[in-house]
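Quick note, the numbering used here runs 70 ahead of the 1-based positions in the sequence shown. For every residue, glycine included, the Cβ atom is placed at its ideal position computed from N, Cα and C. Here the structure comes first, spelled out in structure tokens, and everything after it is commentary.
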Amino acid sequence: MKTLAFNNGDQLPIIGLGTWKSKPGQVYQAVLWALEAGYRHIDCAAIYNNQSEVGQAFTKAFSDGIVRREELFVTSKLWNSNHRLEDVEVGLKETLRDLRLDYLDLYLIHWPVSFKKGVEFAQNREEYYTYQDVPLEQTWEGMEACFANGLTKHIGVSNFNSSKLNEILKTCKVAPEMNQVEMHPFLPQDTLVKFCKEHGMLMTAYSPLGSGDRSSSIKKADEPSLLQHALIQELASKYACSAAQLLIAYHVARGIAVIPKSINQERIHENLAAGAIVIEANDMETLKNIDTKYRFIDGTFYTGPRSPYSLEDLWEKE
Ligand code: NDP
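Here it is, written out as structure tokens:
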């Protein structure tokens, strides 16, 4: 399995397993199948509300000798309601308890959006903190403390644009080492990829297959399909692979980690096997010019009259 190197030499397996929307009753088996298949990178988050089952799968895999802790790369994310300095470590410790781990490999600020303590998903203005109430620099200071305490080996962010990253870079002691964002041929994120590269940050692509199993409340009825797109299908036939594998191999070719979610044993295997597909430069160029541009996770659930945030706080201007 190809890996990406952090600045200290630690290695991140380029393909990982996503766990958002994997229900507690399914995720235990999915993680075990993934570890048995050879996955060594699992992407988790407190808000996925399934970390204790993921943790049970880790414990089982360690005790059965499928994998050793030090061979596994585990990412998790700080939820929006734990952004105050005093709450960051509390959030991470809850995650460690649920995952039954002593440390994480990577901890990310999930979104540059802050909710009041105890709020799972803010519904009105009163449930949000603004950047004046809880500056991102304060949350980052909490992340740095978790790193210094050895609770996580690496720290980073998710859904941050270059302007928000610059705010952190101005005051940080430890620079973010990862930015996890939505990425696929419909949303190549060229500007952000260039920025992160220039600042020595790795990237991870989320929703690489178009996140088709999202609930209808955060999905548009007329959204385009990545898996069905004619060019993706055509290139998949050329490489004798599935459309999903082509979409995963696209990130491997760009040197970007990718975390497809699946709870199906066959697809879990299929997605990992995509690591062996090498897309030629001319086909990457063709993919660059694909006719559809689209963001699936559009962020509108954080904006509008009942929120202090706007889409400019989230997305990069292309
Ligand atoms: P994906 O783009 O990974 O798509 C998941 C869907 O694709 C599921 O319906 C899955 O079904 C299906 N699928 C998986 N493999 C295949 C295959 N080989 N062929 C056809 N269909 C397939 O969506 P996600 O949004 O879940 O993104 C992946 C991960 O990224 C998340 O699970 C999460 O870990 C992370 N993420 C992070 C975010 C952030 O804010 N940082 C936001 C969104 C995601 P099935 O399970 O039945 O196989």
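When the beta-carbon positions are compared, ALA343 and GLN315 come within less than 8 Å of each other. Between the ligand NDP and the CB of ARG337, the shortest heavy atom gap is smaller than 7 Å. The straight-line gap separating the alpha-carbon atoms of PRO258 and GLU211 is approximately 30 Å. Burial is judged here by how many other beta carbons sit within 10 angstroms of a residue's own beta carbon; ALA346 has fewer than 16 and is exposed. Annotation: MET271 is outside any beta strand (DSSP E) and is labelled neither H nor E by DSSP. Relative to the ligand NDP, LEU316 has its C-beta separated by 7 Å or more from all heavy atoms.
In this chain, the beta strand (DSSP E) harbouring LYS147 covers 143 to 148. Straight-line spacing of the CA atoms in GLU355 and GLU156 works out to 47 Å.
Straight-line measurement puts the Cα of GLU382 at about 36 Å from the Cα of LEU171. Beta-bridge pairing by DSSP links PRO83 to THR73. Between the segment 212 to 232 and the segment 171 to 190, the count of Cβ pairs shorter than 8 Å is three or higher; the stretches touch. Going by beta carbons, THR274 and ILE238 fall outside the 8 Å limit. Taking all protein chains in view, the Cβ of ILE288 is surrounded by fewer than 16 other Cβ atoms within 10 Å, so the residue is classified as exposed. Annotation: ASN341 to VAL183 spans about 31 Å, alpha carbon to alpha carbon. A direct Cα-to-Cα measurement between ASN236 and ALA245 gives close to 10 Å. Assigned with DSSP and collapsed to three states, GLY95 falls in helix. Taking the Cβ of ASN334 as the reference point, at least one heavy atom of the ligand NDP falls within a distance shorter than 7 Å.
In this structure, DSSP gives GLN250 an extended state, which the three-state scheme calls strand. Here VAL328 carries a strand assignment [DSSP, helix/strand/coil]. A distance criterion of 7 Å places the beta-carbon of ILE367 in contact range of the ligand NDP, judged by its closest non-hydrogen atom. For THR89, the CB falls within less than 7 Å of some heavy atom of the ligand NDP.
Here SER151 carries a helix assignment [DSSP, helix/strand/coil]. Annotation: GLN99 to ALA127 spans about 7 Å, alpha carbon to alpha carbon.
Under DSSP, HIS224 shares a beta bridge with LEU176. With a minimum length of 3 residues, there is no unbroken run of beta strand (DSSP E) contained wholly in the segment 287 to 371.
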